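One structure is given below, encoded as structure tokens.
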Amino acid sequence: GAVVSQHPSWVICKSGTSVKIECRSLDFQATTMFWYRQFPKQSLMLMATSNEGSKATYEQGVEKDKFLINHASLTLSTLTVTSAHPEDSSFYICSARPTAEKLFFGSGTQLSVL
Amino acid sequence: GESVGLHLPTLSVQEGDNSIINCAYSNSASDYFIWYKQESGKGPQFIIDIRSNMDKRQGQRVTVLLNKTVKHLSLQIAATQPGDSAVYFCAETTGANSKLTFGKGITLSVRP
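So the sequences go chain by chain: A and B. FYI, my numbering numbers position 30 of the first sequence as 30, with every residue one higher than the one before it. Quick note, my numbering runs 114 ahead of the 1-based positions in the second sequence.
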């Protein structure tokens, strides 16, 4: 299957700092990437759709100023959690489609905010 | 609103037995379905997919069944192995490039 690389795998930061997570499609180009958030023992919740060359589309209830998304190239999307707080601690996962439907996921980033 | 849900939160099976994981969906417009496997601390891994114009699709040791009449999806795993232990999610979408909606997830535990 297609490869989606996500970095870092885990990060610990102090409250108030910002954290950037990278998502790369390694063997295909992706005009659209998706960012999900997952709390322990829960399902994946879509946060936003990242669109190459244009603004991201955020799901209802997701603060766009809190979760900054940049999709500057066809193989890279970044999610920046700004002024992180303990409640932002979660597992963040990106995904992308090499074809119209099939969605592949990165390995996820575990964020812990102290 | 529309939702995709699973009937059971956990499933425990004996190694070597067959596993059946069920999923109910409520969006009648959904036309593409995917099963994912997620191991602890990792991202979801694609297992198998099925389009709404099919009612069965087989892969290696896995089979997905779709019953559009009752909006039901199932994943069958033959000869379940310890490595199959994980959380399984069904997901649905209404078409190409549409966002994917995930079910709640079910934990499969394989007893040796």
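In this text, a Cβ means the ideal position worked out from N, Cα and C, and glycines have one as well. No experiment lies behind these values; they were computed from the predicted model shown.
Check	Outcome
Between residue 95 of chain A and residue 216 of chain B, how many whole angstroms is the CB-CB distance? I'm expecting something under 8 Å.	The Cβ separation is near 11 Å, so there is no contact.
Would you list the residues sitting across from residue 20 of chain A in a DSSP beta bridge?	A:80
Hey, does residue 223 of chain B have any beta-carbon neighbour from chain A nearer than 7 Å?	no
Could you run through the region 138-156 of chain B and flag, in chain order, every residue whose CB is less than 8 Å away from some CB of chain A?	146, 148, 150, 155, 156
DSSP on residue 6 of chain A, reduced to helix/strand/coil?	strand
Quick one: which chain A residues come within Cβ less than 9 Å of residue 177 of chain B?	Within 9 Å Cβ-Cβ: nothing; residue 177 of chain B doesn't reach chain A, min ~18 Å.
Near residue 144 of chain B, which residues of its chain fall below 6 Å by C-beta distance, leaving aside the five closest residues on each side in sequence?	206, 208
According to DSSP, is residue 87 of chain A helix, strand or coil?	helix
Got a sec, what are the start and stop residues for the beta strand (DSSP E) residue 163 of chain B sits in?	159-165
Report all residues from its chain with a CB closer than 6 Å to the CB of residue 132 of chain B; omit the five preceding and five following residues, and keep chain order.	192
Among A:105, A:15, A:30, A:49, whose alpha-carbon lies nearest the alpha-carbon of residue 62 of chain A?	A:49
Quick check: the Cα distance between residue 159 of chain B and residue 202 of chain B, rounded to an integer number of angstroms?	9 Å
How should residue 120 of chain B be labelled, buried or exposed, when 16 other C-beta atoms within 10 angstroms of its C-beta is the threshold for buried?	Low confidence applies to residue 120 of chain B: its pLDDT is 44, below 50, so where it sits in the model is not reliable enough to give any reading.
Just list the residues that DSSP pairs residue 95 of chain A with in beta bridges.	A:34, A:105
Around the Cβ of residue 130 of chain B, are there at least 16 other Cβ atoms within 10 angstroms (buried) or fewer (exposed)?	exposed
Are the region 177-188 of chain B and the region 74-91 of chain A touching by the rule of at least three beta carbon pairs closer than 8 Å?	no
Candidates A:33, A:45, A:65, A:69: which alpha carbon is nearest residue 24 of chain A's?	A:33
Going by alpha carbons, who is nearest to residue 57 of chain A out of A:111, A:36, A:41, A:40?	A:36
Which residue wins for smallest C-alpha separation from residue 228 of chain B, given the options B:157, B:156, B:167?	Because residue 228 of chain B is not part of the residues shown, which for chain B are 115 to 226, the question remains open.
With distances taken Cα to Cα, identify the nearest neighbour of residue 67 of chain A among A:75, A:11, A:80, A:101.	A:80
Starting from residue 67 of chain A, trace the beta strand (DSSP E) in both directions and tell me its first and last residue.	67-73
May I ask you to list the residues that DSSP assigns as paired with residue 151 of chain B?	B:159, B:202
With distances taken Cα to Cα, identify the nearest neighbour of residue 189 of chain B among B:134, B:126, B:199.	B:134
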